[in-house]
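Beneath this line is the structure, given in structure tokens, with notes to follow.
There are 2 protein chains.
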Amino acid sequence: MDPLVERFLAGDRRALARILSRVEDDTPEGRAYLRQLYPRSGRAHTVGITGGPGAGKSTLTGALAAEYRRRGKTVGIIAVDPSSPFSRGAILGDRIRMQAHATDPGVFIRSMATRGHLGGLAPATADALIALEAAGRDVVIIETVGVGQDEIDVVRLAAVVSVVLTPSSGDDVQMIKAGIMEIADVFVINKADQAGVDRLQRQLEAMLAMAPQGADLPPIVRTVATENRGIDGWVAALRSRPKRAEDAGEHWKERLLELMRQRLVERVMQKALSEEELCAAAREVAARRRNPYEFVSEILKRAGIE
Amino acid sequence: MDPLVERFLAGDRRALARILSRVEDDTPEGRAYLRQLYPRSGRAHTVGITGGPGAGKSTLTGALAAEYRRRGKTVGIIAVDPSSPFSRGAILGDRIRMQAHATDPGVFIRSMATRGHLGGLAPATADALIALEAAGRDVVIIETVGVGQDEIDVVRLAAVVSVVLTPSSGDDVQMIKAGIMEIADVFVINKADQAGVDRLQRQLEAMLAMAPQGADLPPIVRTVATENRGIDGWVAALRSRPKRAEDAGEHWKERLLELMRQRLVERVMQKALSEEELCAAAREVAARRRNPYEFVSEILKRAGIE
Chain A
67 MDPLVERFLA
77 GDRRALARIL
87 SRVEDDTPEG
97 RAYLRQLYPR
107 SGRAHTVGIT
117 GGPGAGKSTL
127 TGALAAEYRR
137 RGKTVGIIAV
147 DPSSPFSRGA
157 ILGDRIRMQA
167 HATDPGVFIR
177 SMATRGHLGG
187 LAPATADALI
197 ALEAAGRDVV
207 IIETVGVGQD
217 EIDVVRLAAV
227 VSVVLTPSSG
237 DDVQMIKAGI
247 MEIADVFVIN
257 KADQAGVDRL
267 QRQLEAMLAM
277 APQGADLPPI
287 VRTVATENRG
297 IDGWVAALRS
307 RPKRAEDAGE
317 HWKERLLELM
327 RQRLVERVMQ
337 KALSEEELCA
347 AAREVAARRR
357 NPYEFVSEIL
367 KRAGIE
Chain B
67 MDPLVERFLA
77 GDRRALARIL
87 SRVEDDTPEG
97 RAYLRQLYPR
107 SGRAHTVGIT
117 GGPGAGKSTL
127 TGALAAEYRR
137 RGKTVGIIAV
147 DPSSPFSRGA
157 ILGDRIRMQA
167 HATDPGVFIR
177 SMATRGHLGG
187 LAPATADALI
197 ALEAAGRDVV
207 IIETVGVGQD
217 EIDVVRLAAV
227 VSVVLTPSSG
237 DDVQMIKAGI
247 MEIADVFVIN
257 KADQAGVDRL
267 QRQLEAMLAM
277 APQGADLPPI
287 VRTVATENRG
297 IDGWVAALRS
307 RPKRAEDAGE
317 HWKERLLELM
327 RQRLVERVMQ
337 KALSEEELCA
347 AAREVAARRR
357 NPYEFVSEIL
367 KRAGIE
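Here's what the structure looks like:
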């Protein structure tokens with residue numbers, strides 16, 4: 067066995083961090099690691115957390131991790147952050163709120179950037195999740211920064227998903243638009259000591275009342291994350307929810323296709339197309355001097371596939 | 067020539083709508099259309115509009131389209147909306163604001179939903195853009211609803227991008243986090259009759275002052291879209307900005323790879339893997355009874371590629 071994997075399986079955090087980096091870079095080496103780690107995954111309790119800006123998601127994630135630690139569980143956190151040259155400071159600000167866990171080996175925090183993943187953010191997160199599960203984490207929390215489609219795809223990887231709202235945010239409409247409400251297994255009203263909490267709860271209940279009869283409605287829990295209030299009730303609600311098995315099958319169907327696409331295009335690049343030729347062709351296409359559809363046919367013929 | 071394409075090229079709106087649907091469905095037939103239409107694309111002035119919720123993007127898009135119409139230009143609008151069973155009403159609400167153009171054949175509006183595009187939203191939008199350009203639209207406006215990574219990818223397809231802010235929104239920090247600020251070629255401060263407009267302008271200028279020396283800074287224009295104020299100045303600012311050629315090359319490199327991936331996986335599915343077997347394998351993988359990486363190797367071997 068690969069010595070890095072051996073150290074990884076023995077619980078070495080640096081080995082975990084290194085394997086995560088290779089996995090995220092999505093190299094053949096990273097995929098070889100995944101192939102070894104996959105059979106050891108799938109045993110963690112996975113929780114997704116999403117919600118609008120300013121809802122207190124990082125603080126909630128920190129509080130949730132602390133609660134699981136109190137219950138003797140090891141925790142992995144995948145914090146999915148948009149990355150941009152302007153945003154480093156903001157990300158650091160968020161992460162500093164989790165520093166309480168910085169010295170606890172029972173909590174492993176991994177930040178994932180939005181950009182630079184060929185196959186998209188959800189596959190990269192799925193791979194990181196496999197690694198964290200194989201590393202033996204009892205609970206893995208996936209926290210996203212925003213409420214866009216990317217974040218929805220990411221957070222659906224978890225077995226149970228919490229959508230966080232606050233009385234004062236007023237972003238409910240935007241989240242309904244983004245389709246984030248339907249993925250909630252548990253609603254969290256954070257900052258529940260603020261005015262308007264009853265109104266928000268009634269709005270949520272009215273929205274849920276539109277669900278088809280007999281539907282299994284998500285519970286609504288109230289928290290004040292900064293004071294650790296309501297976190298135990300949240301954990302109980304998360305445990306009470308059935309796992310989303312269909313999502314997992316659907317996810318893996320897409321993922322299998324994606325793995326095939328990657329491998330196939332790598333094959334073509336090895337056999338019939340250099341990076342330089344591809345970049346040159348892209349510039350020609352952008353300048354309207356070359357037809358992209360004809361170029362692709364040509365390359366596939368050259369690779370003996372079409 | 068395909069009779070549908072003939073009618074399309076003669077300016078028939080229904081033919082345009084039908085071709086757009088096939089293109090969006092991303093079928094081999096849709097791609098065959100793109101292959102024919104591609105050489106006729108690339109001549110439109112393309113404008114991307116993005117910004118936070120409530121910034122008035124739909125109203126601005128409508129006002130911008132009206133201004134171009136006054137100048138004798140034909141306009142295509144691609145409105146990129148998140149789609150969800152909960153959101154139809156919200157989308158309709160937005161779209162109704164554009165009804166002023168409903169009876170003008172010089173304006174063609176296409177709504178694109180976030181979900182259901184295998185290759186992602188940006189490729190689907192890029193394809194729709196090719197069709198609208200080939201249909202001879204002088205100006206194509208791409209409007210996105212949110213400020214997530216998806217929206218950034220989409221809006222970068224345009225030659226010039228406007229990021230919309232408002233004095234009262236307070237979502238500047240969130241947009242900085244999402245990396246939306248860097249893609250602005252022109253900043254629009256909409257609702258410029260509200261209090262706080264000077265403060266917002268100073269904040270923007272302070273942010274722009276951090277750019278490297280000699281950088282070509284985006285102008286800031288002020289509008290009140292509901293009263294059609296400032297729209298002419300916005301059009302002038304949009305025209306003054308250089309096209310983002312690098313983005314186009316980068317976009318096409320990704321798109322060529324994506325086209326290859328699609329075609330390759332279609333080939334494998336024809337030759338070696340039924341939809342049923344894929345779904346069954348995905349369920350097995352989700353249940354941890356099968357290793358996804360080994361499954362993919364097996365299929366590629368069966369297809370004679372590995």
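Protein sequence lines correspond, in order, to chains A and B.
Take the first sequence: its position 305, counting from 1, is numbered 371 in the working numbering, and each next residue is one higher.
Take the second sequence: its position 267, counting from 1, is numbered 333 in the working numbering, and each next residue is one higher.
For every residue, glycine included, the Cβ atom is placed at its ideal position computed from N, Cα and C.
Quantities reported herein were computed from a predicted structural model and do not represent experimental measurements.
Shortest alpha-carbon distance to A190 (chain B) belongs to which of B:P119, B:E320, B:P69?
Taking only the C-alpha atoms, the option nearest A190 (chain B) is B:E320.
How should Q269 (chain A) be labelled, buried or exposed, when 16 other C-beta atoms within 10 angstroms of its C-beta is the threshold for buried?
Burial call: exposed.
Between A:Q260, A:V227, A:T232, which has its C-alpha nearest I249 (chain A)'s C-alpha?
The residue with the shortest Cα to Cα distance from I249 (chain A) is A:V227.
So, does the CB of N357 (chain A) fall closer than 8 Å to a CB anywhere in chain B?
At least one chain B Cβ lies under 8 Å of N357 (chain A).
Is the beta carbon of L100 (chain B) less than 8 Å from the beta carbon of Y99 (chain A)?
No, the Cβ-Cβ distance between L100 (chain B) and Y99 (chain A) is not below 8 Å.
Going by Cα to Cα distance, which pick from A:N357, A:A110, A:E343 is closest to P105 (chain B)?
Looking at the Cα atoms, A:N357 is the closest of the given residues.
When you check each C-beta in the region 335 to 353 of chain B against every C-beta of chain A, which residues fall closer than 9 Å?
Per Cβ criterion, the list reads M335, L339, L344, C345, A347, A348, R349, E350, V351, A352, A353.
Spell out a yes or no on whether the region 318 to 335 of chain A and the region 345 to 355 of chain B are touching, meaning 3 or more CB-CB pairs, one atom from each, closer than 8 Å.
Short answer: they touch.
Is the beta carbon of V263 (chain A) closer than 8 Å to that of R288 (chain A)?
Taking 8 Å as the Cβ cut-off, R288 (chain A) and V263 (chain A) qualify as a contacting pair.
Considering only the alpha carbon of each residue, which of B:Q267, B:D204, B:P278 lies closest to R137 (chain B)?
Out of B:Q267, B:D204, B:P278, B:D204 has the C-alpha closest to the C-alpha of R137 (chain B).
Here's a check: name, in chain order, each residue in its chain whose Cβ is nearer than 6 Å to the Cβ of A145 (chain B), leaving out the five neighbours to either side.
Around A145 (chain B): S177, E209.
Could you compute how far the alpha carbon of T140 (chain B) sits from the alpha carbon of V173 (chain B)?
Between T140 (chain B) and V173 (chain B), the C-alpha separation is close to 6 Å.
Between the Cα of H111 (chain A) and those of A:E341, A:L325, A:R329, A:S306, spot the shortest distance and give me the residue it belongs to.
It is A:S306 whose Cα lies nearest to the Cα of H111 (chain A).
Output yes if chain B places a C-beta closer than 8 Å to the C-beta of E209 (chain A); else output no.
Closer than 8 Å: no.
E191 (chain A) by DSSP, collapsed to three states: which one?
What sits at residue 191 (chain A) in the sequence shown is Thr, not Glu. Reduced to three states, the DSSP call for T191 (chain A) is helix.
In chain A, what lies closer than 7 Å to W318 (chain B) by C-beta?
Those are A348, V351, A352, P358, listed as they occur along chain A.
Using DSSP bridges, identify the partner residues of I255 (chain A).
For I255 (chain A), which the question treats as bridged, DSSP gives the partners A:L231, A:R288.
From B:A353, B:E372, B:T116, pick the residue whose C-alpha is nearest to that of V362 (chain B); which is it?
Checked all of B:A353, B:E372, B:T116; the closest Cα to V362 (chain B) is B:E372.
Taking any Cβ of chain B, which residues in the region 94 to 106 of chain A have a Cβ under 7 Å from it, in chain order?
Against chain B - using a Cβ distance shorter than 7 Å - the residues of the region 94 to 106 of chain A are R97, L100, R101, Y104, P105.
Buried or exposed: where does Q328 (chain B) fall if 16 or more other Cβ atoms within 10 Å of its Cβ makes it buried?
Buried, by the Cβ-count rule.
From this set, A:I143, A:G296, A:V89, A:V211, which residue's C-alpha is nearest V254 (chain A)'s C-alpha?
With distances taken between Cα atoms, V254 (chain A) lies closest to A:G296.
Apply the 10 Å Cβ neighbour rule to L283 (chain B) and answer buried if 16 or more other Cβ atoms are within range, or exposed otherwise.
It is exposed - the Cβ of L283 (chain B) has fewer than 16 other Cβ atoms within 10 Å.
Restricting to Cα atoms, I'd like to know which of A:L304, A:A352, A:G370, A:R355 is closest to M335 (chain A).
Ranking the options by Cα distance to M335 (chain A), first place goes to A:G370.
How about I371 (chain A): is its C-beta nearer than 8 Å to some C-beta of chain B?
Taking Cβ atoms only, chain B reaches closer than 8 Å to I371 (chain A), which makes this a yes.
What whole-angstrom Cβ distance do N256 (chain B) and V229 (chain B) have, given they're in contact under 8 Å?
Contact flag wrong, Cβ pair sits at about 11 Å.
When the distance is taken between beta carbons, is L86 (chain B) closer than 8 Å to A194 (chain B)?
Contact flag set, yes.
For A272 (chain B) and chain A, any beta-carbon pair shorter than 8 Å?
No, because no Cβ of chain A sits closer than 8 Å to the Cβ of A272 (chain B).
Spell out the partners DSSP gives S306 (chain B) in its beta bridges.
None; S306 (chain B) has no bridge partner.
Quick check on S107 (chain B): does DSSP put it in helix, strand or coil?
Reduced to three states, the DSSP call for S107 (chain B) is coil.
If we ignore side chains and look at the alpha-carbon of each, how far apart do G128 (chain A) and V220 (chain A) end up?
Whole-angstrom Cα-Cα distance: 19 Å.
Establish whether the CB of A314 (chain B) and some CB of chain A are separated by less than 8 Å.
It does: the Cβ of A314 (chain B) has a partner Cβ on chain A nearer than 8 Å.
Looking at C-alpha atoms only, which residue of A:R73, A:P233, A:L187, A:G96 is the closest neighbour of A121 (chain A)?
Considering only alpha carbons, the answer is A:P233.
Does L283 (chain B) come within less than 8 Å of chain C when only Cβ atoms are used?
The structure shown contains no chain C; the protein chains it does contain are A and B.
Return helix, strand or coil for T127 (chain A), following the three-state DSSP convention.
The answer is helix: DSSP assigns T127 (chain A) an H, G or I state.
Near L158 (chain B), what residues of its chain come up, given a Cβ to Cβ distance below 7 Å and the 5 sequence neighbours on each side ignored?
Per-residue confidence for L158 (chain B) stands at a pLDDT of 43, beneath the threshold of 50, marking its modelled position as unreliable; no derived number is given.
Determine which residues of the region 319 to 334 of chain A have a Cβ less than 9 Å from any Cβ of chain B, and write them out in chain order.
If the cut-off is 9 Å between Cβ atoms, the region 319 to 334 of chain A has K319, E320, R321, L322, L323, E324, L325, M326, R327, Q328, R329, L330, V331, R333, V334 near chain B.
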